[in-house]
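Residue numbers (full-length UniProt numbering): 1 to 207.
What follows is a set of notes on a single structure, which appears directly below.
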């Protein structure tokens, strides 16, 4: 929030542009509904969940991705009723480093995902196995750091395989297709209605 300039009128800004505008990030029902009412074409969902983000430690704020996407998905449903059917795309952003996490984001209501860590592992990535977010370079309050991920294969292998390991780093598209087939769905829009069970698991365990 600037102390020297007037705040941006987001609704007017979007209205005056000739291109679809994606806004974010939202992590709650209320924030998402407000952003949708500005006329945005899509809403980025997530706050402090990426591998390189330290927002949770520096600000004490963090939104679990599945909860945030589900809340924004609910806001989108209510906004469609309110606006007479206007559809706003929900884009999960952060904490999606493996194919399993990507599948779960779609399952709780995302239309698309933003990938950082998953693509940074490819041999073509400019970071050469390193990954960092924009927050890492804030001049006064950095909220991220550089993460060494290593490389696991080409971009084609990361996206389409073949996969050589069983931890969800390779063949992201293949894993998504298999998840849909396993649960009995034909496309991502139908998959957003999949039954979801929240089950605690031990961090670091093989599940």
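Glycine is no exception: its CB is placed at the ideal position from the N, C-alpha and C atoms.
All figures in this text were calculated on a predicted structure; none of them were measured in a lab.
Pick from the options that is closest to residue i, judged by C-alpha positions
i	options	result
residue 197	108, 180 and 28	108
residue 60	143, 84 and 123	143
residue 180	151, 104, 42 and 161	104
residue 188	182, 125 and 106	106
residue 86	184, 126 and 77	77
residue 27	67, 182 and 15	67
residue 119	141, 111, 110 and 95	95
residue 43	176, 191 and 110	110
residue 57	71, 141, 70 and 40	141
residue 97	80, 81, 116 and 129	116
residue 72	92, 101 and 199	92
residue 41	138, 20 and 25	20
residue 16	79, 39, 139 and 138	39
Outcome for residue i when other beta-carbon atoms lying within 10 angstroms are tallied against a minimum of 16
i	result
residue 131	buried
residue 173	exposed
residue 121	buried
residue 99	buried
residue 35	buried
residue 193	exposed
residue 8	exposed
residue 90	buried
residue 101	buried
Per-residue DSSP class, three states only, for residue i
i	result
residue 113	strand
residue 122	strand
residue 62	coil
residue 148	strand
residue 24	strand
residue 107	helix
residue 138	coil
residue 4	coil
residue 174	helix
residue 153	strand
residue 185	coil
Rounded C-alpha distance that separates residue i from residue j
i	j	result
residue 23	residue 114	13 Å
residue 157	residue 126	17 Å
residue 185	residue 165	25 Å
residue 124	residue 155	6 Å
residue 160	residue 6	47 Å
residue 152	residue 169	8 Å
residue 83	residue 55	34 Å
residue 146	residue 171	25 Å
residue 46	residue 150	24 Å
residue 37	residue 75	11 Å
residue 112	residue 162	23 Å
residue 29	residue 65	13 Å
residue 88	residue 33	10 Å
residue 175	residue 190	17 Å
Identity of the residues DSSP links to residue i by a beta bridge
i	result
residue 44	91
residue 131	147
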